[in-house]
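Following: one structure in structure tokens, then a few remarks.
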Ligand SMILES: Nc1ncnc2c1ncn2[C@@H]1O[C@H](COP(=O)(O)OP(=O)(O)OP(=O)(O)O)[C@@H](O)[C@H]1O
Ligand SMILES: [Mg+2]
């Protein structure tokens, strides 16, 4: 049975180390719980550690100390790259501010690529990619390359790509940061639909208009959570 909590962090610290050996402490004791099916926004000052925290949750970076429970399992001390990549590929979908699409591949190929890596046959992965494109209104752009698409369309492509392997958790770092406000709000409608379909979403944003779509806002400041249940008026 699915656990109620998707993510639990206990006293998580993270430091980076510079080439000269200096320690840069970034996360300074993060305690956090995120339930399965929740849509949370992560806000806070620039340099406060939001991307770092998202990368830790996404198992892209190791933590320096503390505990990380994913679906009830302590994965904070797992060091084996193969296991970490497996967790990441199976459970996490990533959406970035700058889309990170392959410019030489069509929308369809960009979206299908993670399914290719996961070993899916072409027919299966391209059918799934087409269904995802249809669900976000870009089915007629399947053969376009990223430079032939608007920013909002490119972000939809990257959302489809993040969903192709059916992750439980969607991690989005300023997904509307490169978009005009209308396109940004369209992306938020897609996120709201994904939440309704049971996805857990963790989204970094600097914009309260965008954060309003989340169930609650977690505020980070100087590497600590200063509020984990801030409510902005909901849009839906
Ligand atoms: N690889 C790294 N090596 C050393 N320091 C780093 C590294 N990555 C990030 N930092 C430092 O960690 C701090 C937090 O960075 P992070 O990217 O998590 O902030 P953020 O909250 O996402 O900021 P922004 O809102 O500007 O994106 C910054 O002070 C940054 O200089
Ligand atoms: Mg950031």
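Numbering (the numbering used here), first residue to last: 337 to 572. All C-beta atoms, glycine included, are put in the ideal place defined by N, C-alpha and C.
Buried or exposed (CB count within 10 angstroms, at least 16 for buried), residue i
{"i": "residue 556", "result": "buried"}
{"i": "residue 388", "result": "buried"}
{"i": "residue 460", "result": "exposed"}
Contact check, residue i vs residue j, beta carbons under 7 angstroms
{"i": "residue 510", "j": "residue 540", "result": "yes"}
{"i": "residue 368", "j": "residue 385", "result": "no"}
{"i": "residue 489", "j": "residue 474", "result": "yes"}
{"i": "residue 517", "j": "residue 549", "result": "no"}
{"i": "residue 370", "j": "residue 342", "result": "yes"}
{"i": "residue 486", "j": "residue 431", "result": "no"}
{"i": "residue 375", "j": "residue 523", "result": "no"}
{"i": "residue 327", "j": "residue 395", "result": "Residue numbering for the chain in the displayed model covers 337 to 572; residue 327 lies beyond these limits and cannot be assessed."}
Endpoints, the beta strand (DSSP E) within which residue i is located
{"i": "residue 403", "result": "401 to 406"}
{"i": "residue 536", "result": "536 to 540"}
{"i": "residue 411", "result": "It is not in any beta strand (DSSP E) - residue 411 carries neither H nor E in the DSSP assignment."}
{"i": "residue 432", "result": "428 to 432"}
Cα-Cα separation between residue i and residue j, rounded to whole angstroms
{"i": "residue 415", "j": "residue 422", "result": "12 angstroms"}
{"i": "residue 572", "j": "residue 479", "result": "In this prediction, residue 572 has a pLDDT of 49, which is less than 50 and means its spatial position is unreliable; nothing more can be read from the coordinates."}
{"i": "residue 351", "j": "residue 390", "result": "14 angstroms"}
{"i": "residue 560", "j": "residue 566", "result": "15 angstroms"}
{"i": "residue 533", "j": "residue 357", "result": "46 angstroms"}
Limits of the unbroken alpha helix (DSSP H) element including residue i
{"i": "residue 443", "result": "443 to 453"}
{"i": "residue 518", "result": "517 to 532"}
Check: residue i C-beta below 6 angstroms from any heavy atom of ligand 4
{"i": "residue 386", "result": "Ligand 4 is absent from the structure shown, which contains only ligand 1 and ligand 2."}
Segment contact, 8 angstroms Cβ cut-off, at least three pairs: the stretch 392 to 409 with the stretch 345 to 353: Three or more pairs of CB atoms, one per stretch, sit closer than 8 angstroms, so the stretch 392 to 409 contacts the stretch 345 to 353.
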